[in-house]
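Residues in the sequence shown are numbered from 1140 upward in steps of one, following our numbering.
Each remark here refers to the structure printed beneath this line.
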Amino acid sequence: MEWLVLRIEVLQNLTLFTAAFLLVLLPNGFVAPGLVGLSLSYALSLTATQNFLTRWYSSLSNYIISVERIKQFMHIPSEPPAIVEDMRPPSSWPSKGRIELHALKIRYRPNSPLVLKDITCTFKQGARVGVVGRTGSGKTTLISALFRLVEPASGKILVDGLDICSIGLKDLRLKLSIIPQEPTLFKGSVRTNLDPLGLYSDDDIWKALEKCQLKATISSLPNLLDSSVSDEGENWSAGQRQLFCLGRVLLKRNKILVLDEATASIDSATDAILQRIIRQEFSECTVITVAHRVPTVIDSDMVMVLSYGKLIEYDEPSKLLETNSSFAKLVAEYWSSCRRNSYQDFNKYQQ
């Protein structure tokens, strides 16, 4: 806007100078001197008025954009209710952790293309299921549908025989645990980050910290569980933030745990700790692992392979590796990429 006002002022001054120069060149007596002075005086005031109108119009344009955004927010569909009184699940639900997908179809907006297309399969109770596929295959969308971040266009998701779309969001999400790819910490204390709802005792929190290898670190701090956590957890390392997320799920002890590429941004030592604790503490739970790194899901009980929103393979990894399957191709591509990167790093080191 400032550049526009500057150009307008330059143009106006140039016009005023040209008009004054032409008036000087007119023959004497052609225009009365008083009329000349009045014209120039009004021209100067017109410059200030036009500057004001230009600034006002620019501000109005910005305000109109804000109004348009508010209007868009007003028309965004609201989330389903947190609690549906007539359809509250039992307190012990889910007791098994069995997940069934029946002809599941997902789209993010009405009339938009389907992101998940007719997915039908079953995750048995206590199974470790790996979900793999190339970028854009629908892995994250599947997890979003499980937490009802996006509603199914058609089909059903049953957890222990209960349709998750029939219950409230709070009842659903409190019973599911997730360790996300990007660990999130909030400004507050260690206690409020591990137990934001205040449901557990200090003894339970310390036990969870001991299991996730953070007890020694927290014990060395002067305020212990009341030690501060900055916004986004900036005063903690990436590995420690991931272990905080592990501590949360250890406290909740839900029957269903989702790992959304949880080891993609941490070091190998923290990765080993994470995998070991999950195997020990969640051996009887249904664990769904979404990963790009194929070795993360090699030891899973079942592997789901997605491609462009379609389920193309779902079987034990050992059986898929024996055939010319898409999963076997992903494994071969992964190790080929690792060898290529190692060779390039070796060449750089030699140089």
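Each residue gets a CB set at the ideal place from its N, CA and C atoms; glycine is no exception.
Quick caveat: nothing in here was measured; it's all calculated off a predicted structure.
T1409 and R1380 have their C-alpha atoms some 11 Å from each other. Considering only D1302, S1251, S1234 and R1227, the residue with the shortest C-alpha distance to D1310 is R1227.
Fully enclosed beta strand (DSSP E) runs of no fewer than 3 residues occupy 1441-1446 and 1449-1454 of the segment 1426-1459, in order along the chain. By the Cβ criterion, the segment 1245-1255 is not in contact with the segment 1211-1218, since fewer than three pairs of Cβ atoms, one from each stretch, lie closer than 8 Å. Boundaries for A1242: no alpha helix (DSSP H) harbours it, while the beta strand (DSSP E) harbouring it runs I1238 to I1245, taken from the DSSP string.
Taking C-alpha positions only, P1291 is separated from I1306 by approximately 14 Å. Note that the C-beta distance between L1281 and V1270 is below 8 Å.
Within the model, the alpha-carbon separation for T1188 versus E1218 is close to 49 Å.
Counting only the Cα atoms, S1198 lies some 59 Å from A1266. The Cβ-Cβ distance between T1186 and Q1151 falls below 8 Å. At a Cβ-Cβ threshold of 8 Å, P1233 and I1395 count as neighbours. If the five residues before and after D1302 are omitted, its C-beta is found closer than 8 Å to the C-beta atoms of K1295 and I1296, all from its own chain and listed in chain order. Ranked by how close their Cα comes to the Cα of I1215, the residues Y1247, E1321, Q1320 and S1475 have Y1247 in first place. C-alpha of S1422 to C-alpha of L1469: approximately 27 Å in a straight line.
Judged by beta-carbon spacing, G1386 lies beyond the 8 Å limit of L1324, meaning their Cβ atoms are not closer than that value. Under the three-state reduction of DSSP output, C1260 falls in the strand class.
Secondary structure note for I1203: its alpha helix (DSSP H) is the uninterrupted segment P1172 to M1213.
When the alpha-carbon of I1318 is set against those of T1356, V1268, L1382 and K1346, the nearest one is in L1382. Its chain contains L1389, I1416 and E1420 as the residues whose beta carbon lies nearer than 7 Å to that of K1350, once the 5 sequence neighbours on both sides are disregarded; these appear in chain order.
Note on geometry: alpha-carbon atoms of L1174 and S1180 lie some 10 Å from one another. Taking every protein chain shown into account, the CB of P1322 has 16 or more other CB atoms within 10 angstroms, so this residue is buried.
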